[in-house]
Amino acid sequence: MKRLVPFARLNLTGCFTLSASLALAGCDSPTPARQEPSAAVSPAARSSAQRPGDGDSAAEHLDAMDKRKPVPLLPMMAHHQKQEMRDHLLAVQEIVAALSSDDFAGVEQAASRIGYSEREAQMCQHMGAAAPGFTEQALGFHKAADGISAAAKEKDRAKVLSALGATLKTCTSCHANWKQQVVSESKWQELSGQEPPSRPAHPMH
Ligand code: HEC
898 MKRLVPFARL NLTGCFTLSA SLALAGCDSP TPARQEPSAA VSPAARSSAQ RPGDGDSAAE
958 HLDAMDKRKP VPLLPMMAHH QKQEMRDHLL AVQEIVAALS SDDFAGVEQA ASRIGYSERE
1018 AQMCQHMGAA APGFTEQALG FHKAADGISA AAKEKDRAKV LSALGATLKT CTSCHANWKQ
1078 QVVSESKWQE LSGQEPPSRP AHPMH
């Protein structure tokens, strides 16, 4: 088994130093795409990855590996979306904690944070403006979360769990389909056909 370790490291390093080619096949190929002989394994090569410009190709390499559809977003929108996402996970945490002590009011309160509202719907339209199909999936998620509140109102434990499961399925299926793609204002305008917001359209708090 020990022999496998250096082999795997070599392969990985080969993958990371593949700046010239974005071909995914490069990860499996034993032949480094670069000519520089030192690039394959040496620690010096690793620090050379911090040279200006290399960061871009590293990001491109990651992007090429990730075959999900892009959701083009301005930097501020991407940041806001991730804040929202982390709060969605927090809401799920609170739902589970409340349910474990049969605190149905607590379940309802936490579920209402991810439930459907006009404000949420507007935000989903905005986030999906340059990604046809994204908004529909987002709205489906908020509607599914309403099922958690409804079951909590009935104080039905099994129903809450099944609605939570259905909601989590909408989270995971969206994650399986989409990845963020941070774009410039002109690119976003071109893709969405909308004027870029001049200030945060949905300020947090
Ligand atoms: C309509 C699509 C959609 C739905 C529904 C959705 N997400 Fe996400 N989520 C995303 C996208 C897009 C990203 C960014 C993924 C990427 O670029 O890799 C993301 C990222 C995240 C992240 C990472 C945040 C970070 O800081 O990097 C978490 C956590 C997350 N989502 C939790 C959830 C949870 C929990 C749910 C359901 C309760 C949920 N999401 C529902 C689209 C969605």
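So for the sequence shown, this note's numbering puts the first residue at 898; every next one is plus one.
Every residue, glycine too, gets a C-beta built ideally from N, C-alpha and C.
Every value quoted in this text rests on a predicted model; they were computed, and no experiment measured them.
Problem set entry | Outcome for E1017 when other beta-carbon atoms lying within 10 angstroms are tallied against a minimum of 16 | buried
Exercise. Is any heavy atom in ligand 1 found nearer than 7 Å to the beta carbon of L1065?
Worked result: yes
Exercise. Taking DSSP as the reference, what is the three-state secondary structure of Q1091?
Worked result: coil
For this session: Just the C-alpha distance for T987 and E981, rounded to the nearest angstrom, thanks.
Result: First, the amino acid is wrong: residue 987 is Leu here, not Thr. Rounded to the nearest angstrom, the two C-alpha atoms are 10 Å apart.
Problem set entry | Classification of P1029 by the beta-carbon crowding that lies within 10 angstroms, buried from 16 upward | exposed
Problem set entry | Reference K979, options K1076, L1058, M962, closest by Cα | K1076
Exercise. Can P967 and Q1091 be called in contact, C-beta distance under 8 Å?
Worked result: no
Problem set entry | beta-carbon I992 near ligand 1 non-hydrogen atom, thresh 7 Å | no
Exercise. For the alpha helix (DSSP H) that contains P972, what are its first and last residues?
Worked result: 972 to 997
Problem set entry | Cβ contact (3+ pairs, closer than 8 Å) linking the stretch 1003 to 1016 and the stretch 1048 to 1062 | yes
For this session: Tell me whether P969 is buried or exposed, calling it buried when 16 or more other Cβ atoms sit within 10 Å of its Cβ.
Result: buried
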